[in-house]
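Residue 54 in the UniProt record's numbering is what sits at position 54 of the sequence shown, and the numbering runs on without skipping anything.
C-beta: ideal position from N, C-alpha, C; glycine also.
Take a look at the structure set out below.
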Amino acid sequence: MFDYLKELNESQREAVLRTEGPALVIAGAGSGKTRVLTYRIANLLKQGARPSSILSLTFTNKAAREMKERISAVVGENTARYLWMGTFHSIFARILRYEHETLGYPSNFTIYDSADSKSLIKTIIKSLQLDDKSYRPNVVASRISMAKNNLITPSVYANSAEIRNVDKNMRMPAIATIYKEYARRCFLSGAMDFDDLLLKTNLLFRDHPDVLQKYQERFGYVMVDEYQDTNYSQYLIVKKLAAAHKNICVVGDDAQSIYSFRGARIENILNFKNDYPEHKVFKLEQNYRSTQTIVNAANSIIAQNKKQIPKNVFSEKEVGKPIKIISALTDNEEGFLVAQEIAQTQLRDHYKYEDYAILYRTNAQSRIFEESLRKRNIPYKIYGGLSFYQRKEIKDLLSYFRMTINPADNEALKRIINYPARGIGATTLTKLESAAINNETSIWNIVTVLPSVNYANLNKGTVAKILNFVDLIKRFHKLAEESDAFVTAKTIAEQTGILKELYNDKSPEGLSRHENIQELLNGIQEFSINAKETGEPEKLENYLEDVALLTDQDNEKDEDKNKVTLMTVHSAKGLEFKNVFVVGLEENLFPSQRQGESNTQEALEEERRLFYVALTRAEDNACFSFANQRYRWGNLDFCTPSRFLEELDERYLDSSGVEVLSRNSSRQHQSMSSAQKQVQQLTRRPAGSPIKTPDSQNIFNKKLVSLKETGRTQDTFVGDDASKIQSGMVVEHQRFGKGKVLQVEGVAPNIKATVYFHSGAQKQLLLKFAKLKIIG
Numbered sequence: 001m002f003d004y005l006k007e008l009n010e011s012q013r014e015a016v017l018r019t020e021g022p023a024l025v026i027a028g029a030g031s032g033k034t035r036v037l038t039y040r041i042a043n044l045l046k047q048g049a050r051p052s053s054i055l056s057l058t059f060t061n062k063a064a065r066e067m068k069e070r071i072s073a074v075v076g077e078n079t080a081r082y083l084w085m086g087t088f089h090s091i092f093a094r095i096l097r098y099e100h101e102t103l104g105y106p107s108n109f110t111i112y113d114s115a116d117s118k119s120l121i122k123t124i125i126k127s128l129q130l131d132d133k134s135y136r137p138n139v140v141a142s143r144i145s146m147a148k149n150n151l152i153t154p155s156v157y158a159n160s161a162e163i164r165n166v167d168k169n170m171r172m173p174a175i176a177t178i179y180k181e182y183a184r185r186c187f188l189s190g191a192m193d194f195d196d197l198l199l200k201t202n203l204l205f206r207d208h209p210d211v212l213q214k215y216q217e218r219f220g221y222v223m224v225d226e227y228q229d230t231n232y233s234q235y236l237i238v239k240k241l242a243a244a245h246k247n248i249c250v251v252g253d254d255a256q257s258i259y260s261f262r263g264a265r266i267e268n269i270l271n272f273k274n275d276y277p278e279h280k281v282f283k284l285e286q287n288y289r290s291t292q293t294i295v296n297a298a299n300s301i302i303a304q305n306k307k308q309i310p311k312n313v314f315s316e317k318e319v320g321k322p323i324k325i326i327s328a329l330t331d332n333e334e335g336f337l338v339a340q341e342i343a344q345t346q347l348r349d350h351y352k353y354e355d356y357a358i359l360y361r362t363n364a365q366s367r368i369f370e371e372s373l374r375k376r377n378i379p380y381k382i383y384g385g386l387s388f389y390q391r392k393e394i395k396d397l398l399s400y401f402r403m404t405i406n407p408a409d410n411e412a413l414k415r416i417i418n419y420p421a422r423g424i425g426a427t428t429l430t431k432l433e434s435a436a437i438n439n440e441t442s443i444w445n446i447v448t449v450l451p452s453v454n455y456a457n458l459n460k461g462t463v464a465k466i467l468n469f470v471d472l473i474k475r476f477h478k479l480a481e482e483s484d485a486f487v488t489a490k491t492i493a494e495q496t497g498i499l500k501e502l503y504n505d506k507s508p509e510g511l512s513r514h515e516n517i518q519e520l521l522n523g524i525q526e527f528s529i530n531a532k533e534t535g536e537p538e539k540l541e542n543y544l545e546d547v548a549l550l551t552d553q554d555n556e557k558d559e560d561k562n563k564v565t566l567m568t569v570h571s572a573k574g575l576e577f578k579n580v581f582v583v584g585l586e587e588n589l590f591p592s593q594r595q596g597e598s599n600t601q602e603a604l605e606e607e608r609r610l611f612y613v614a615l616t617r618a619e620d621n622a623c624f625s626f627a628n629q630r631y632r633w634g635n636l637d638f639c640t641p642s643r644f645l646e647e648l649d650e651r652y653l654d655s656s657g658v659e660v661l662s663r664n665s666s667r668q669h670q671s672m673s674s675a676q677k678q679v680q681q682l683t684r685r686p687a688g689s690p691i692k693t694p695d696s697q698n699i700f701n702k703k704l705v706s707l708k709e710t711g712r713t714q715d716t717f718v719g720d721d722a723s724k725i726q727s728g729m730v731v732e733h734q735r736f737g738k739g740k741v742l743q744v745e746g747v748a749p750n751i752k753a754t755v756y757f758h759s760g761a762q763k764q765l766l767l768k769f770a771k772l773k774i775i776g
């Protein structure tokens, strides 16, 4: 058994050894926070603490698994298995299942994912005869989620004049009614959504002090990872559980608090000192991930924030290359230049494709980079796309599993009662749902009393079909009690006819769906085998809970590995790559102009923290890019480079491909004609070449020109006489940039030119509309 303390630096070791009392561990990016949490738990166990007295909360199952594996290596698997370690939602779901009777729920309650919740909300909007264009399910779901995360129950929501006024101003005054009905139907279905797992735990501890006391006494030590990402609901639960012993250790980095839109509160970590005046602070400031250049550049940007805990992050790795800046004429050219940089460095420096990530502020930006990578045959994957578990065929089979475990699950029943087709149509289902609502019960309770009590007034033929479905689910339920998850799942897939139906579909899509079902069954078999080997529960209900609580980072498949990763910066949190491209660095894009708060200091500081997170994902190299022109909502906009580029310390930047104009006070007094000349020099250049400025003595002059300040508008671009365009000429197009004319054909006024642009696109343009400018 190795000496784990020897693997720690001095700051890490202090945080590991100090186990009593409140502790705040400020962990800079790449500073080994997971190692500290892991070895802190291992150290407690080595000192004799009971495994079941340690509660460790994380945000992903992946993080919990990795920590448990490391702890097992130190103290042995038999000891580590009794730790209460997992995500907030998985741990609180476990507590709620233990205490289900207190809340009036079945122990096998279903956990709805976002798709289930939105489906139910859509049904309620329709049943209340509300306009689904005004009451968009996504927006309603977001309002209900906000309420739950702030511990606002349906009754409190309905009685709050302030909340109701907000809904009224949003032209959705009936959200309170929807929320109340949504909660009622979830309860009747024996279901909770993700937010309920937090809300119900808070209500359990608030209304039942004896239950709270039991868990306070059980957990002598409470540890929380990524504390800066906790919301109000999570914060309260943690505070209550730690109140008895006060042996609470939270680990996080205020500089990486980027989830306020999900309800995360940076105040939780900033105010830890007020909650626990006797606390001890440990600062992990050595970055083991990134080069000195990347770390120093990140420090220079985050230093601009006022609301933060001071720290001095440093790296002892190699100095590393300066951060490259790419200035593109258009967003298309930006995609081309980024793809070109990946292709060149991948060959030159022998990187794998999986060593690259392209990070953007919004999902919509991925299209251009996808097209550019495809043209170069560079494999890529979109992180955060459609999850494996959200595919139709997977959701269908999972719904059968859910019905098998919890027949009261209305959303699951509605999905599968006529799949595969068994002659139970939409009209019948509507009657059954109405009967259930009128009788304050689940649809299952309505169908199980047929034909003795025919609440829905169904004919005999329909009743017979429904009873066949009921018998099928009852057989599955009995099988699930007797067999492991794999045997049960395989039998359900076969006896429902799903496997046969997909197998008979010989289209490429059908084959893919059949393969997906096989992959799901493979995963369940692996779950059953692992459960047997470790002595964990191996039933289908245990597998379903694991699946329900998966996060995006838990869903990555091995076959996706050697590809360039495209993802939003928010999704990149917690990940690292050797080479990172942060793209679209323009004002109102990054930093984003978020509705209603775009000018607030708090919003800007969070955007800056988001940029800090993006940069600190990089291990070896980072590259920033921006476009001078970009289409938004069908209009061509001229863009101003992001203020974050201006705030970076120029010592850590490589501007060999770009020079930028100063935006200092003296520049503001230039004449408009002089400014216009500079703009022409800024935009009339070969793709990717340096921007020449009249007074630029250095290669990189740090400050960036605002194109809006120069007064440039779309009308300043004027094409040359179309009759002068000839084959072989170098021309410039306002949207596509520079290119070479390959061919000119046709008769005026319908002359066409085939142009190959530097971005890699080849276009055939009608010259009377194209506005091409002759360059040479």
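- Message: Using the Cβ count rule (16 or more neighbours within 10 Å means buried), how would you classify Ser723?
- Response: So Ser723 counts as exposed.
- Nonlocal neighbours in the same chain, by C-beta distance under 8 Å from Lys280, ignoring five residues either side: Excluding residues within five positions, the ones whose Cβ falls inside 8 Å are Arg18, Gly21, Pro22, Ala23 and Leu24.
- beta strand (DSSP E) containing Glu285: first to last residue? Glu285 -> no beta strand (DSSP E), and no H or E assigned at all.
- Item | Collapsed DSSP secondary structure at Ala23 in the structure displayed | DSSP places Ala23 in strand when its eight states are reduced to three.
- Task: In the DSSP assignment, find the beta strand (DSSP E) that holds Gly335 and state where it starts and stops.
- Result: Run containing Gly335: none in the beta strand (DSSP E); it sits in the alpha helix (DSSP H), Asp331 to Asp349.
- Looking at C-alpha atoms only, which residue of Ala49, Leu5, Ala364 and Ile41 is the closest neighbour of Tyr631? That would be Ala364, whose Cα lies nearest to the Cα of Tyr631.
- Going by Cα to Cα distance, which pick from Lys6, Ala63 and Leu203 is closest to Thr102? With respect to the C-alpha of Thr102, the residue from Lys6, Ala63 and Leu203 having the closest C-alpha is Leu203.
- Item | Extent of the continuous beta strand (DSSP E) to which His245 belongs | Premise fails: His245 is in no beta strand (DSSP E) and is neither H nor E.
- Sequence-distant residues of the same chain with beta carbon closer than 7 Å to Ile524, five excluded per side: Correct list, in chain order: Ala485, Phe486, Ala489 and Tyr543.
- Task: Output the boundary residues of the alpha helix (DSSP H) element that contains Asn445.
- Result: According to the DSSP assignment, Asn445 belongs to the alpha helix (DSSP H) that extends over Ile443 to Val447.
- Task: Would you check if the region 159–171 and the region 184–201 touch, i.e. whether three or more CB-CB distances between them fall below 8 Å?
- Result: Counting Cβ pairs under 8 Å, fewer than three are found: no touch.
- Exposed or buried, what is Thr496 when buried is set at 16 or more other beta-carbons lying within 10 Å of its beta-carbon? Label assigned to Thr496: buried.
- Item | Pro322 burial status per 10 Å Cβ neighbour count (16 or more: buried) | Buried is the call here.
- Task: Would you tell me roughly how many angstroms separate the C-alpha atoms of Ile124 and Tyr182, rounded to the nearest one?
- Result: Their backbone Cα atoms lie some 7 Å apart in a straight line.
- Task: Using 10 angstroms around the beta-carbon of residue 781, count the other beta-carbons present and answer buried if the total reaches 16, otherwise exposed.
- Result: No answer is possible for residue 781: it lies beyond the span of the chain, which begins at 1 and ends at 776.
- Task: Could you say which of Pro749, Asp637 and Arg735 lies nearest to Val755 if we only look at CA atoms?
- Result: Of the listed residues, the one whose Cα sits closest to Val755 is Arg735.
- Message: Could you compute how far the alpha carbon of Ala421 sits from the alpha carbon of Leu589?
- Response: Computed Cα separation, rounded: 47 Å.
- Query: Assuming Ile473 contacts Met567 under a Cβ cut-off of 8 Å, what Cβ separation, rounded to an integer in Å, is found between them?
  - Reply: Rounded to the nearest angstrom, the Cβ distance from Ile473 to Met567 is 40 Å, too far for a contact under 8 Å.
- Task: State the Cα-Cα distance for the pair Val705 and Asn332, rounded to the nearest angstrom.
- Result: Low confidence applies to Val705: its pLDDT is 36, below 50, so where it sits in the model is not reliable, and the reading given next is rough at best. For Val705 and Asn332, the gap between their C-alpha atoms comes out near 21 Å.
- Message: Going by C-alpha to C-alpha distance, which of Lys68, His89, Ala29 and Leu397 sits closest to Leu520?
- Response: Looking at the Cα atoms, Leu397 is the closest of the given residues.
- Closest residue to Lys773 among Val731, His758, Ser399 and Gly48 (Cα-Cα distance): Comparing Cα positions, the closest option is Val731.
- Task: Measuring alpha carbon to alpha carbon, tell me which of Glu393, Lys273, Arg374 and Glu545 ends up nearest His514.
- Result: Ranking the options by Cα distance to His514, first place goes to Glu393.
- Query: How big is the Cα-Cα spacing for Ile237 and Asp113?
  - Reply: Approximately 22 Å between the Cα atoms of the pair.
- Message: Quick check on the burial criterion: 16 or more other C-beta atoms within 10 angstroms. Buried or exposed for Pro407?
- Response: Counting of Cβ neighbours within 10 angstroms places Pro407 among the buried residues, the total reaching 16 or more.
- Message: Quick check on Cys186: does DSSP put it in helix, strand or coil?
- Response: Secondary structure at Cys186: helix, using DSSP grouped into helix, strand and coil.
- Message: Counting C-beta neighbours from all protein chains within 10 Å, is the total for Leu55 16 or more, i.e. buried, or is it exposed?
- Response: Around the beta-carbon of Leu55, 16 or more other beta-carbon atoms lie within 10 Å, marking it buried.
- Query: Counting Cβ pairs, one atom from each stretch, are 3 or more of them under 8 Å apart for the region 607–618 and the region 565–584?
  - Reply: By the C-beta criterion, the region 607–618 is judged to be in contact with the region 565–584, since at least 3 inter-stretch pairs fall below 8 Å.
- Item | Buried or exposed (CB count within 10 angstroms, at least 16 for buried), Lys539 | Counting the other Cβ atoms within 10 Å of the Cβ of Lys539 gives 16 or more, which makes it buried.
- Task: Let me know the secondary structure DSSP gives His208 once reduced to three states.
- Result: If DSSP states are grouped into helix, strand and coil, His208 belongs with coil.
- Where do the ends of the alpha helix (DSSP H) carrying Ser90 lie? In the DSSP assignment, Ser90 falls within the unbroken alpha helix (DSSP H) covering Phe88 to Tyr98.
- Query: Could you give the distance in angstroms between the alpha-carbon of Gly776 and the alpha-carbon of Leu337?
  - Reply: Between Gly776 and Leu337, the C-alpha separation is close to 22 Å.
- Message: Less than 7 Å between C-beta atoms, sequence neighbours within five positions excluded: which residues of the same chain meet that for Thr448?
- Response: Around Thr448: Val470.
- Query: Just checking my contact of Ala339 with Leu373 at CB under 8 Å: how many whole Å lie between their CB atoms?
  - Reply: That pair is a contact at about 5 Å.
- Query: From Asp721 to Phe581, what does the alpha carbon distance come to, in whole angstroms?
  - Reply: One C-alpha to the other measures close to 39 Å.
- Message: Pull the bridge partners of residue 806 from the DSSP assignment, please.
- Response: Only positions 1 to 776 of the chain appear in the structure, and residue 806 is not among them; the question remains open.
- How would you label Gly28, buried or exposed, when you count the other beta carbons within 10 angstroms and need 16 or more for buried? By the C-beta density criterion, Gly28 is buried, having at least 16 other C-beta atoms within 10 angstroms.
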